[in-house]
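**Q** My questions all concern the structure below.
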Amino acid sequence: MAASSGQLEFKWIFLGCLLMFGKGALGSSFYDKGLVSLDSTTHMQQRIDLPHGKALAFYGGTYSSIWLTTDGFLSFDERASYGNVNFSTGDVAPSLDYPIIAPFYHDGEALDVHSGAGSIYYRTLNTSHDGPELNMFGTNISNAVVGIQNFQPIGGIIVTWENVAAAVDITNGCGGSGSGSQPCKTSSFQVAILADEIGFTFAIFNYGRMDIDIRRFYQSGFNAGYGGGWTTAVPQSELNRAQSLKGSDVQGRYYFRICADRIIRGGCRDRSLQPANVHLEMSPNFGGMFGGQTIEMSGSCILPNENITCSFGNSQVTSYGIYINSMKTKCSVPRLLERGRVKVSLRHGNGREYSGIITIVAPGRMKDTLQSIDTPGSGWNTTDAGKLTLTWDSRLLSTQRNDLVTIKLIGYREIGDTAEWVELQVLGAGPNVMNNGVYTFNTRDHRCSGDLCNFETGLVEVRLADTSRAASHLFLVSRELPLGWYVNNDMIQRYGSHWPHDKCVLWYNKDRQDMAWLQSLPYCPCNLGQALVDIGRFQTDPGCDMFSGSVCTYHIGAVHCVRSVKPTPLGSGNQCCYGPDGALRYAADSFQGSTPDRSHAWGAFPYGRTDLVPSMSHWVKDVVTFYYCCLWTEYADCDYYMDQRATRDCSGYSPPRAATIYGQGHVETLDKNQYRVYGAGDFKLLEVVPMDITMQGRFSRDYLAKSTRGKSTTLNSSVILSSIGIEVGQERVEIKLDRNSPQRMLNVLVNNTFQFFNSEPEYMQQFSQVTIVNSPSKAGNINSNFTVILRNGMGVQVVAASGLMNVLVLVPHTLKGHVRGLLGTWNDNKTDDFTSGDTNQVITATGNQEFYNQFTYSWRVNNSGESILPHFVSPRTPSDLNDNVPFPMRIQSMYDVCSGQTSCEFDYQQLNYRTQASQTKMAAEWFGEVQLLVAPARSCGLLNVPRSTKSSYNYSLGSTVTVTGCRAGDLAGDTTYSCEATSNNSQVWSPSVSAVCTNTPLDEADVGMIAGIVVAIVVVLLIAVIIAVVLRRRSRKDKSASVPDEGGNYSADRPNPVSAGEYDARYSEVKRRDEEDAPREKNKRSREFDMTWSRRGHMG
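In mature numbering (1 follows the signal peptide of the UniProt record, and there is no 0), the protein residues as written are -27 to -1, 1 to 1073.
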C-alpha cells in the first residue's frame, strides 16, 4: 500500500523540516521515510513495483521493479540473498552474483523473528504528488555529481532501514527478556533512487547511527551481477562512522550515478581522510594531448577560497582549478607531450594530493574544435596566405558569444633532448575579439622575428579570457600546422623566393647522414589482405581508411594504409599503403607511395622528449619536410623526400599464423587441424614459452542456456566460449560475454578492473603490456568487437554476436615453435598438433571420449592459483560425449540455414536455434576467408627503374609492367617486363631489368628497393581475391570484423641493403636544383588538392 495523496500533500508543506529533521537513530541527512513499512510476514524481502510504468537504469540494464530485503540491500533479481562473499575481489560464485544496491550488505534478521529486528520503510515518488521534492533532488544531484548539469527526475523510491539488527547478534542472545540480556546493536541507513525520463539514474546513501559490528562480509556498494563487477560505496573501515563523515556537503550523505556501465561517485569526501582513501572522480575521463578540455573533478571537500591546482602526466604540467562548489571543481587539460593513461593530481588548501587516472588521446583522435583550418583553400598550409580565418563552436567555450577571447599562435620545437611548446604571437585580443565563433586576421601583421623564425610547426589556440565562465573547454586548439605563412618573409630574406627548395636540400643533406633507423623497421605486408589481418603488428591509419571513407589526401590513389603498431627502439615506425588492386604502393613509383616515419606518428614511450612526442615529433621529422620538398615546390623536389623515405618493402615480411574458436567449441589450430571442445571449465588455450604469455578460456553451459532463451535442452557436453584471459607478465586482460546489459555484448577487465570504451577518443587504450582497441559495429558502439595487441606482435580479436563469442588469434612467425595448448603446437607439422599437456605425448585417439580425456583435458587449468580468470571453474569430464542429435532437422531446413557447412549443422541440431547456427556459419566463413588470404603472395618485388613512370604497380606473379617514361631524364633500355616463375617458389622479372632514366638531375647511384628474384613460400594469392573478399566483408560487417587475413612469406636471393647493414646515403654528391634544372613532371591531381591534414591521419 502507498501513502495517501492527502498525506503526501501535507508533508510537502513542511518539506525542508521533514527532510533534514533528526529522528533518533536516523541521521540528520535522512529524507522522509514515509509511512509504508515492510510487511513483517514477508520475512526477508518484498517486491516493489515503480509507479506508472517508470523504470530505473542500473549498470546499463533497465528495471521496473525492485526487491527490498532485510539484508540491507535492494536487488533486481529475487534470488539475491546475503552470502559470505567479498564482492570487491571479483571472485563471486554465480549463485550470489546478482544486481544489487547495498547501502549496508549484512546478515539481517527477518522482521517476524524477533521484536528487535527493527523496521523497514519505503515510499515511491512521482511528479504528480512529489514535484517539489523531486526538484530538490534534481538540484542536489546536479550540484554533487561530475558531468551532470540539470538533472530533472520524474520518479524514484526511498527505502529506510531503521534500527535493524544483525541476525548473528540476535542468535547470540541480544535483545532477550532475561535479566542478563544486552540490547542488540542496531544500525539505521537509507537509500534514495531517482530517475529521469531519458534513463539517468542516481542513488543517494544516508547513514545514521551504525552500531552493528562490521564483520568480514559486511560491505557497502553496487554489484552489477552476472559477472559485471562491484563498486564500493563506503569502505568497510568507514561504515561504523559513516554518519560522522562527509560524503558530500551533508554529513553522512553519499551520491552515486548508477545508470551506466560504470558507477560514478558524486559528492566529496571528508577532509580528514587520507588521500589514498579518497577516489578522484573525473568527467570526462579523457582529454586531448593538445589540451583545452575542462575536466570536472570531485574528491575531497573544498572550501570556497582555497587555491586549487591540477597537474597532468609524467611531467606534471599544471593548470589552475575553478571552484564550482564544495563538492566539485574543474581544471583544464594543459598542452602535453604524451598520450595514454596518465596520472592527474588535484591539490587544494589542505595541502594534500588526490590522484586519479585519465586517458590522454593522441592528436587526430579527438574531434577538431577549430574547423576552418581543415577547409580546402583556407590557406593555412600555404606560404603566401594574405588573410586567414578560423571558426569554432562558441558554445564549447561559454554560453555567451560576447565573452572575450585571446587567439594565439603556439609553436613546437625540439632542441637537443628537449621538446617544448612556445607561445609565438598573439593573433587577436582585446575588447573586439569575442567568442562569436569566427576571427580573420591579416598575415602581414603577424610575422616572425629572431629565434621564433626557426619554428616550423605549431597550432592555433582560442582561449577564453574569463576562466570562471568556461563551459566544456577553457581553450580550443587547431590540428598541427606548418608555419610557412608565419616565417615566409624571413625565409625569403635568407634564401630567396624559392626558399622551400633550399630548406628541402638542407634537410636532405642532414637527414641522409644517419639512416640507421631504417634497419629496425618492420617490413610492409606484401598486399592489402596481409595488412588487414596482421592486427598484432599493423593497425589502420585513420588518414587512409577504406572502411571509414577517408580520402587518403597524402596518398592519392591508395585505398588503404596501415601503420606498424610498435615503435622501433629508435622511436620510428612504418607506414604501408595499398592501391585498388591490393598491391603495395612504393615511394619509388609515386609521390603518393608508402613512406616510413623517422618518428612514429603515434609517438614512442616514454614520450615527452625529442623524437618521441606523438604526432609532433613526426611533424618535425617527416611532415614539414614533405611540405618543403613536395607540396610547396609542386613536387619538383619530391624525389629528395622519397629517397629518404623509401618504402620498406615486403621482401622480409613473414605473416602471422591464425587459429580460431567459434560456435559450440569449434577449434581450428595454428597448424590447421580441426576439433571440438566438449564440456565446461577453464582450459589453457595458448602458452608462449619462455615469454611468460598465457591465454586461457572458459567454456560454459549456463551462458549457452541463457543465449538460447530456453529453446534448447542441449547435451551436457555442449559449451560455448564465454570468457578469455590473457596474461603478459604482471598484466592480465579478461574479455567475457555480458549477460545483463542490452547495451554491451562484451566486458573488458585489465588487472581485475573494468575498462570502458564508450566514446570514440577512448576506442584505443594502451596499458603497460597490451593495447586494446574497440571497433564499433554498424549497430553502434555495443562493445561487441575488441582487439588485444600484445607487444610481441600477437593479436587477439574477440567478437560477440547472437550470444556467441568468436576468437581469432594471430601469432607472429617469431613465435613459431614456442607455442602450445588447445590451439596446437605450431611448427608446420600437423601430426604433432595434439600433444598432451600432461605427458607431452602426441595423441592419436579419434573417439570423442578418448580425445577429450587424453588431449583436451590435459590442457585444463588445475586450480585457482593457476587460473588467470576470476572464480576458477574446474573442468569435469562430461558423462556423454556422443554426438547425439537432440533436435533432428529436415535436410532442406538445415540446408536453408547452413548451406552444407558442417559446424553450422552441428550447432543447429544441438541448439535448435536458427540465429546462433547462422552465426556459427558466418564465423566459419569468416575464418575460411582468413585462411584463404593467409596463403602467401608471390611477387617479383619492385621493378626498380628510378625516376620512372609505369603502366602498373602490381608486381605479383603473372603481371606485366611497362616502363612508360621518366619523371626526369630520358628512358633507355627494355621497357616491358613480366613477372615469371622460375620454380615452384621463385620468380623473376623477364627480361632482366635494363631500363634506366639517363641524365637525371640526381646522382644515379640509387640503391632503391630490391629488384630481382624474390623467394616466396606456400601458394599463389591473387590480389583480385583480396579486394573482392575485403569489399564483400566490408559490405556486410563492421570494419574490425572485416579484418580477415594474412599473406605470404618472402626472402630475397640477396640481402636487403637495409637489413644487411649495407645501407648508405643515396647519393655521393647532391646537385643543387636551381631554376634551370629540368622541371619535374607533376602529379596534376595532387596539385588540384589543397594539401590539408586529413583527419586523424598524416601524410607519411
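Beta carbons: idealized from backbone N, C-alpha and C, even for Gly.
By DSSP, does residue 1148 sit in helix, in strand, or in coil?
**A** What is shown of the chain runs -27 to 1073, which leaves residue 1148 out entirely.
**Q** Once you ignore the five residues that flank E396 on each side, which residues in its own chain have a CB closer than 7 Å to its CB?
**A** Counting only Cβ-Cβ distances below 7 Å, and skipping sequence neighbours, we find K381, I383.
**Q** My understanding is that Y95 touches I121, with C-beta atoms under 8 Å, so please give their C-beta distance in whole angstroms.
**A** Actually they do not touch by this definition, with Cβ atoms about 25 Å apart.
**Q** Is the beta carbon of T633 closer than 9 Å to that of L781?
**A** Yes. Within cutoff.
**Q** When you compare only the Cα positions, how much space is there between S696 and Q703?
**A** So the two alpha carbons sit approximately 19 Å from each other.
**Q** Since C602 is in the alpha helix (DSSP H), which residue starts that stretch and which ends it?
**A** Per DSSP, C602 belongs to the alpha helix (DSSP H) from 597 to 602.
**Q** By the DSSP assignment, the beta strand (DSSP E) with E51 in it spans what residues?
**A** No beta strand (DSSP E) holds E51; DSSP gives it neither H nor E.
**Q** Among the candidates H639, R214, R649, Q865, whose CA atom is the shortest distance from the CA of T893?
**A** Ranking H639, R214, R649, Q865 by Cα distance to T893 puts H639 first.
**Q** Going straight from the alpha carbon of P749 to that of I755, what length do you get?
**A** Taking the straight line joining both Cα atoms gives about 7 Å.
**Q** Which of the three DSSP states is assigned to T687 in this structure?
**A** Per-residue confidence for T687 stands at a pLDDT of 44, beneath the threshold of 50, marking its modelled position as unreliable; the derived number appears in the next sentence. Looking at T687 - three-state DSSP - the assignment turns out to be coil, as it is neither helix nor strand.
**Q** Just grab the DSSP bridge partners of R320 for me.
**A** Note: R320 sits in a beta bridge opposite T282, E326.
**Q** Between which two residues does the alpha helix (DSSP H) containing A117 stretch?
**A** Note, A117: alpha helix (DSSP H), 100 to 117.
**Q** Tell me the rounded alpha-carbon separation between T935 and G625.
**A** Their backbone Cα atoms lie some 26 Å apart in a straight line.
**Q** Based on the DSSP secondary-structure assignment, which residues constitute the bridge partners of W365?
**A** DSSP, once it has assigned bridges, lists L343 as partnering W365.
**Q** Should residue 1117 be labelled buried (16 or more other beta-carbon atoms within 10 Å of its own) or exposed?
**A** Any answer about residue 1117 is impossible in this case: the structure gives the chain only from -27 up to 1073.
**Q** So what's D805 in DSSP terms, helix, strand or just coil?
**A** D805: helix per DSSP, three-state reduction.
**Q** Please identify the residue among L479, R485, Y481, T430 whose C-alpha is closest to the C-alpha of S590.
**A** Cα-wise, what sits closest to S590 is T430.
**Q** Report the rounded CA-to-CA distance for T391 versus T583, giving the unit in angstroms.
**A** Going by the C-alpha atoms only, they are around 6 Å apart.
**Q** Do E434 and G265 come within 9 Å of each other at the CB atom, strictly closer than that value?
**A** Taking 9 Å as the Cβ cut-off, G265 and E434 qualify as a contacting pair.
**Q** From this set, D595, L98, E898, A531, which residue's C-alpha is nearest P569's C-alpha?
**A** It is D595 whose Cα lies nearest to the Cα of P569.
**Q** How should R536 be labelled, buried or exposed, when 16 other C-beta atoms within 10 angstroms of its C-beta is the threshold for buried?
**A** So R536 ends up on the buried side.
**Q** Measuring alpha carbon to alpha carbon, tell me which of T97, E51, F46, P67 ends up nearest G26.
**A** Here the closest residue by C-alpha is T97.
**Q** By alpha-carbon positions, which one of W394, A444, Y459 ends up nearest to D418?
**A** If we check each option's Cα against that of D418, Y459 comes out closest.
**Q** What number of angstroms, rounded off, separates the C-alpha of G198 from the C-alpha of I231?
**A** Looking at the two C-alpha atoms, the distance is approximately 13 Å.
**Q** Provide the residue(s) that pair with E396 in DSSP beta bridges, ordered along the chain.
**A** Looking at the DSSP assignment, E396 forms a beta bridge with I383.
**Q** Report the rounded CA-to-CA distance for G698 versus N720, giving the unit in angstroms.
**A** Rounded to the nearest angstrom, the two C-alpha atoms are 12 Å apart.
**Q** Check whether the Cβ atoms of F178 and S193 sit closer than 9 Å, and answer yes or no.
**A** Yes, Cβ-Cβ distance for F178 and S193 is below 9 Å.
**Q** Suppose the cutoff is 8 Å on Cβ atoms and the five residues either side in sequence are ignored; what does the same chain contact list for A224 look like?
**A** Looking at the sequence itself, residue 224 is Gln, so the reference to Ala does not match. These residues qualify, in order along the chain: G(-1), S1, S2, Q216, S217, L218.
**Q** Report the CB separation of N500 from L557 in whole angstroms; it is logged as a contact under 8 Å.
**A** With 8 Å as the limit, N500 and L557 qualify as a contact, their Cβ atoms being about 7 Å apart.
**Q** Which first and last residues belong to the alpha helix (DSSP H) in which P76 is found?
**A** P76 -> not in any alpha helix (DSSP H); beta strand (DSSP E) instead, spanning 73 to 78.
**Q** Going by C-alpha to C-alpha distance, which of A444, W575, T875 sits closest to G516?
**A** Nearest C-alpha to G516: W575.
**Q** So within the segment 118 to 153, which uninterrupted beta strand (DSSP E) runs reach at least 3 residues, ignoring any that extend past its ends?
**A** Counting only runs of 3 or more, we get 128 to 138.
**Q** Per DSSP, what kind of secondary structure is G1021 in: helix, strand or coil?
**A** Confidence is the limiting factor: at G1021 the pLDDT is only 25, short of 50, which leaves the residue's position unreliable, though a coordinate-based value still follows. In the structure shown, G1021 sits in coil (DSSP, three-state: anything other than H, G, I, E or B).
**Q** For the alpha helix (DSSP H) containing K657, name the first residue and the last one.
**A** No alpha helix (DSSP H) contains K657, which is instead part of the beta strand (DSSP E) from 654 to 661.
**Q** Tell me whether S695 sits in a helix, a strand or coil according to DSSP, three-state version.
**A** Residue state, collapsed to three classes: strand.
**Q** Determine, using beta-carbon pairs with one atom in the segment 272 to 289 and one in the segment 312 to 323, whether at least three such pairs fall under 8 Å.
**A** Contact between the segment 272 to 289 and the segment 312 to 323 is present, because at least three Cβ pairs lie under 8 Å.
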